[in-house]
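For the sequence shown, the residue numbers in the numbering used here are 5 to 666. Yeah, the Cβ is synthetic: ideal placement off N, Cα and C, and Gly gets one too. Worksheet: one structure, shown below.
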Amino acid sequence: MDSTSPYPSLLAPFTLAGKRLKNRVVHASMTTRFGVNMHVTDALVQYHANRARGGAALIVTEPLSMARHQTIDYKVRAWNDDDIDGLKRWAAAVEAHDTRLLGQIQDSGRGRHAPGRNPSALGAAALPDDISYTVPHALSGAEIEAMIADFAQSSARLQRCGFSGVEISAGHGHIFHQFLSPRSNAREDRYGGNWQNRTRFVTELIAAVRAACGAGFIIGIKLPGDDGAPGSIGPQEAAIVAQLVTAARNVDYVCFAHGTHARSLELHVPDGNGPRAPYLPLMRELRAAVNGVPVVALGRITDPAEADAVVASGDAELVALGRTLVADPAWLEKAAHNRAHDIRYCVSCNSCWDTISTNHLPIACDNNPRVGLKDEVDWWPAPAKIKKCVVVVGTGVAGMEAAWIAAARGHAVTVFGRSGEIGGKTRLRALLPGGEALSSVYDYQQAAALRAGASFELGITAGAADILALKPDAVVLACGSSMTKPLWLPRDIFAAGLVPDLRTAMAGLLGIIARQSGTAVIYDMDHTDGTYAAAELLRARFDRVVLVTPRDSIAQDTAMVTRQGILRRMHEQRVEMVLHTEPCWGDGLEDGRLEIANAYTGERTTIDDVAFFAYATPRAPNIELAAPLRAAGIAVHLVGDCRSSRGVMAATAEGHAAGNAL
Ligand SMILES: Cc1cc2nc3c(=O)[nH]c(=O)nc-3n(C[C@H](O)[C@H](O)[C@H](O)COP(=O)(O)O)c2cc1C
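Set out below in structure tokens:
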């Protein structure tokens with residue numbers, strides 16, 4: 005241990021299967037969707053090489069196609085020699101940084117996120133997937149043996165290509181987990197019935213990989229911790245499984261994952277609605293069950309001091325970081341060189357998960373607009389050839405991203421902000437339940453902008469004349485967006501602001517801590533997470549909270565993992581959800597009565613005792629300044645909501661692009 009380094013325990017080397025790890029940081033497996041046509045791509049190699057260069061000692065790839073039935077387009081094929089050169093290139097690019105590369109063995113089994121069933125799903129038993137209701141083909145004993153043989157020979161191929169090992173993903177509800185859990189495994193043969201039998205698929209797989217690859221090949225395993233599904237694997241069962249799987253001491257590390265492919269899927273990517281590092285207490289308990297095999301800590305570990313403490317306290321030998329290293333590949337390098345203040349932190353928003361799982365796009369990040377690019381590691385803008393006078397209007401995360409980059413490129417940047425504080429609507433979200441981590445997006449931007457010399461004019465609603473007075477060469481308009489008038493609300497009432505939009509109402513309510521009697525009603529045509537965070541805050545203030553939406557459910561424009569958490573909290577807190585419904589304004593909120601109508605039948609009911617009512621509707625860009633500035637011959641760049649209202653990821657990405665384009 006180097007006692008002069010800022011994080012001596014985290015930076016101390018370690019050995020797995022006789023292979024040296026330069027420190028204790030593992031990049032947890034993350035599906036990137038950078039693979040194409042089952043082949044390694046430059047982007048896939050670059051993404052991993054960046055994380056190796058940034059300091060990770062061990063990187064686990066996303067799941068590969070390791071058995072011949074696996075033919076998903078973005079999963080690189082390793083079960084034959086089709087892409088042997090790609091695999092070699094991938095391993096060489098990572099191992100060149102003294103970083104060990106492990107390929108992940110996984111199969112979704114019956115699990116499916118997308119609507120509809122998976123007709124080619126394989127599984128432990130013909131029992132339905134909790135999310136898609138897919139009923140898999142129950143594997144025969146011979147099919148299991150063939151699959152194990154495939155996985156083992158593919159592992160040997162990886163070894164020949166320069167990989168240091170494999171990780172078996174037996175948590176997260178995938179096929180091995182499905183064999184482990186009594187909820188999905190109703191078999192009566194040697195792979196089901198009791199714990200010994202349910203762990204057999206995994207223990208036979210470990211033995212086969214070991215036989216194929218030898219003692220110097222790292223075999224890690226992700227096992228279920230608490231998977232959160234009824235009749236499945238809780239802490240006690242996890243200890244039994246861990247005990248049996250590690251009994252032969254044939255694996256080199258164990259990492260406990262949480263949640264499963266059910267209503268508890270959200271647990272695998274804990275967000276800002278719970279504590280940081282939420283799984284350390286259970287990991288400490290389960291450590292007793294692993295027969296002395298090294299343990300890898302996992303789950304929302306974002307801060308180097310926190311990670312260092314995990315190792316220093318002896319709770320785990322290694323620390324796995326998934327989203328943390330997506331957000332900043334140079335996380336460890338910065339920490340090691342006393343530059344933790346320069347880290348762009350993971351904000352645990354799960355936009356990355358949404359990108360790959362819902363939108364089927366390559367991985368991206370709210371706080372890292374350069375994921376996987378060649379110059380991503382510790383990126384700082386290159387100086388501009390021609391220095392310009394730039395005005396940025398708006399201090400939300402889109403404007404701030406453009407501002408710091410433009411200033412760092414050497415432009416003279418003035419930022420106008422209507423509020424006295426930066427952050428825009430992200431700041432409001434950060435002040436609502438579960439949003440605190442988001443503040444680090446604009447905190448980083450502000451520090452970088454000040455360091456780069458941008459000047460701020462805050463508390464000013466800049467008009468075209470104020471901007472033109474600065475004689476700018478270019479203007480970045482990042483003025484955000486405003487909620488549109490609900491169709492049922494009379495125009496004069498809307499114009500007079502007599503019924504507030506939810507953002508305005510919440511900003512007004514934040515300073516008030518007293519409880520109020522009556523019912524708070526939100527009309528929800530938004531379906532992003534800020535609306536439900538507002539509902540939670542209102543629930544702490546009012547007797548009753550009702551969400552009224554014309555849609556079939558709530559939170560429909562959030563990732564499944566985010567939605568699960570929202571639904572859980574809404575139910576736990578008894579927030580009422582009235583679906584397929586529109587308010588009918590009629591006489592307004594007379595005597596605190598709000599009339600609502602079923603969107604399909606028109607049938608009317610009332611919500612009584614309404615003390616708070618606000619609408620969250622789709623937002624239209626605030627582009628009033630664009631026309632006069634363009635008419636004056638100024639180059640105008642619209643970014644973030646000012647271009648089209650979306651989330652933080654689009655805002656930082658567009659601000660980033662604009663700052664670089666100036
Ligand atoms: C976008 C995304 C993709 C992931 N893909 C995988 C995967 O392919 N295999 C796997 O075992 N875990 C996967 N995970 C789970 C991570 O490995 C990790 O267990 C989880 O993100 C918690 O760690 P973190 O809080 O450090 O991100 C993924 C998580 C995210 C957010």
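Check                                                                                                           : Outcome
Ala242 Cβ short of 7 Å to ligand 1 heavy atom set                                                               : no
Start and end residues, beta strand (DSSP E) containing Gln108                                                  : Arg104 to Ile109
Assumed close pair Ile222, Arg104 - CB separation to whole angstroms, cut-off 8 Å                               : 7 Å
Exposure of Met5, with buried meaning 16 or more beta-carbon neighbours within 10 Å                             : For Met5, the pLDDT reaches just 45, beneath the cut-off of 50, and the residue's location in the model is therefore unreliable, although a value from the coordinates is still provided. Answer is exposed; the Cβ neighbour count stays below 16.
Near ligand 1: Trp335 beta-carbon under 7 Å from a heavy atom                                                   : no
Residues near Asp102 by beta carbon distance below 7 Å, same chain, minus five either side                      : Lys26
Rounded straight-line distance, which links the Cα of Lys92 to that of Gly166                                   : 6 Å
Residues near Cys350 in its chain [Cβ-Cβ closer than 6 Å; skip 5 each side]                                     : Thr306, Arg327, Thr328 and Ala331
Any alpha helix (DSSP H) of 4 or more consecutive residues that is wholly inside the segment 466 to 521         : 468 to 472, 495 to 499 and 506 to 513
Outcome for Asn84 when other beta-carbon atoms lying within 10 angstroms are tallied against a minimum of 16    : exposed
Reduced DSSP category for Met42 - H, G, I as helix; E, B as strand; rest coil                                   : coil
Within 8 Å, strictly: CB atoms of Asp113 and Gly127                                                             : Going by the sequence as given, residue 113 is Gly instead of Asp. Going by C-beta atoms, Gly113 is nearer than 8 Å to Gly127.
Whether Leu269 touches Arg37 by CB criterion (8 Å)                                                              : no
Buried versus exposed call for Asp595 [16 or more other C-beta atoms within 10 Å across all chains shown]       : exposed
Same chain, Cβ closer than 7 Å to Ala657, five either side skipped, listed in chain order                       : Pro373
Heavy atom of ligand 3 within 7 Å of Gln520 beta-carbon                                                         : Absence of ligand 3 from the depicted structure is noted, with ligand 1 being the only ligands included.
Contact the segment 200 to 219 vs the segment 179 to 186: 3+ CB pairs below 8 Å                                 : yes
Classification of Arg669 by the beta-carbon crowding that lies within 10 angstroms, buried from 16 upward       : Lying before the first or after the last residue shown, residue 669 is absent from the chain, which here runs from 5 to 666.
Span of the alpha helix (DSSP H), counted from its first residue to its last, around Phe180                     : Ile179 to Leu184
Beta-carbon proximity of Met510 to Leu454, cut-off 8 Å                                                          : no
Where Glu3 falls, given that 16 or more other Cβ within 10 Å makes a residue buried                             : The structure shown does not extend to residue 3, since the chain is modelled only from 5 to 666, so the question has no answer here.
Tyr51 (DSSP reduced to helix, strand or coil)                                                                   : helix
Within 8 Å, strictly: CB atoms of Ala311 and Leu284                                                             : no
Cβ neighbours of Ala219 in the same chain (closer than 8 Å, five flanking residues each side left out)          : Ala21 and Gly22
Proximity to Gln163 [Cα-Cα], best of Val249, Leu131, Ile88 and Ala129                                           : Ile88
For His575, the three-state DSSP class (helix, strand or coil)                                                  : helix
Pick from Tyr536, Val396, Val314 and Ser33 that is closest to Ala639, judged by C-alpha positions               : Val396
Ranges of the beta strand (DSSP E) found wholly within the segment 396 to 436, counting only runs of at least 3 : 416 to 421
Start-end ranges of the beta strand (DSSP E) lying completely within the segment 323 to 406, minimum 3 residues : 393 to 397
Rounded distance between the beta-carbons of Val29 and Leu14, thought under 8 Å                                 : 7 Å
Buried versus exposed call for Ala408 [16 or more other C-beta atoms within 10 Å across all chains shown]       : In the sequence as displayed, the identity of residue 408 is Trp instead of Ala. Classification for Trp408: buried.
Straight-line Cα distance separating Val525 from Arg555                                                         : 16 Å
Alpha-carbon spacing of Phe546 relative to Leu442, whole angstroms                                              : 26 Å
Contact check, Cys369 vs Gly484, beta carbons under 8 Å                                                         : no
Length of the line joining the Cα atoms of Arg280 and Arg572                                                    : 19 Å
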